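Numbering (this note's numbering), first residue to last: 25 to 217.
Read through the structure below, which is laid out as structure tokens, and then see the notes.
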Amino acid sequence: MFIEALALGLIAGIVRSGRVRNLLELEIAGVSLILTAVVLQILPIVLEPFIKSENWLSFLPFAGSLVMVAAIIMNRKKKGFFIILIGALLNILAMAVAGFRMPVTEAALLRAGMQSLLETIQDGSVINYILVTSADGLSYYLGKVIALPEIYPLSKLFSVGDLFISGGLAYFIQDTMQNQWFRKSGSMINYRF
């Protein structure tokens, strides 16, 4: 969903005569927090085969989401980041009521053609997802319950929070491309002898 948001933001920015170069000159606050959040999201996948107790491992993606929210708050004045913040908070709420795991529905997994993921969630191999049947009722609405058909080539399972994050990201990208306040390339006097 986030790849589609990036593409949509780029296309909208180009259609509106934006400059792709603005994205290269962009300054984002909290880059170290963003990298920390990504590491916390990936760490359980790397450590799971080596560590038998997965109680604290399942908390790491949730902690990564909290760290990401801190980075989003640092950038809150940039257009689109408030929408991204709403989406991130919705995802955190979904995980908080479901034992720090992202809730998914069996129907959505099957509709998306993700039978193998469903089986690994059921047998406990995947520690960052939980089926909605074993999570709180609020999880049904906030978890990853939106599915695209199996034929779709990219990510197929989304939450309401993911939709907000994607919308905010697309808006941020196209708005950044429209800004005129980025540095203009300067000219330098060249002397030839």
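Beta carbons: idealized from backbone N, C-alpha and C, even for Gly.
Being a predicted model, the structure only gives us computed values, none of them experimental.
In the three-state scheme derived from DSSP, where H, G and I count as helix and E and B as strand, ILE175 is classed as coil. Counting the other Cβ atoms within 10 Å of the Cβ of GLY167 gives 16 or more, which makes it buried. Burial is judged here by how many other beta carbons sit within 10 angstroms of a residue's own beta carbon; SER82 has at least 16 and is buried.
Of the residues ALA118, LEU30, MET25, the one whose Cα lies closest to the Cα of ASP199 is LEU30.
Shortest Cα-Cα distance from LEU142 to any of LEU187, LYS102, LEU181 involves LEU181. Per DSSP, VAL128 is one residue of the beta strand (DSSP E) stretching across 126-128. ILE35 and GLU49 have their alpha carbons spaced roughly 18 Å apart. For ILE66, the closest C-alpha among the options TYR195, VAL150, PHE196 is that of VAL150.
Counting C-beta atoms within 10 angstroms of its own C-beta, PHE105 has 16 or more neighbours from the protein chains shown and is therefore classed as buried. Per DSSP, reduced to three states, the secondary structure at LEU50 is coil, with no helix or strand assignment. The shortest CA-to-CA distance from ARG135 to any of ILE75, ALA87, VAL93, TYR176 is the one to TYR176.
Listed as beta-bridge partners of ILE154 by DSSP are PRO127. Bounds of the alpha helix (DSSP H) holding ILE108 are 105-120. Beta bridge pairing from DSSP links PHE26 with no other residue.
When the alpha-carbon of LEU90 is set against those of LEU71, PHE124, ILE38, the nearest one is in PHE124. Judged by beta-carbon spacing, ILE108 lies within the 8 Å limit of LEU193, meaning their Cβ atoms are closer than that value. Annotated three-state conformation of PHE74 is coil, per DSSP. For ALA95, the enclosing alpha helix (DSSP H) has its first and last residue at 83-98. With fewer than 16 neighbouring CB atoms inside 10 Å of its own CB, THR157 falls in the exposed class.
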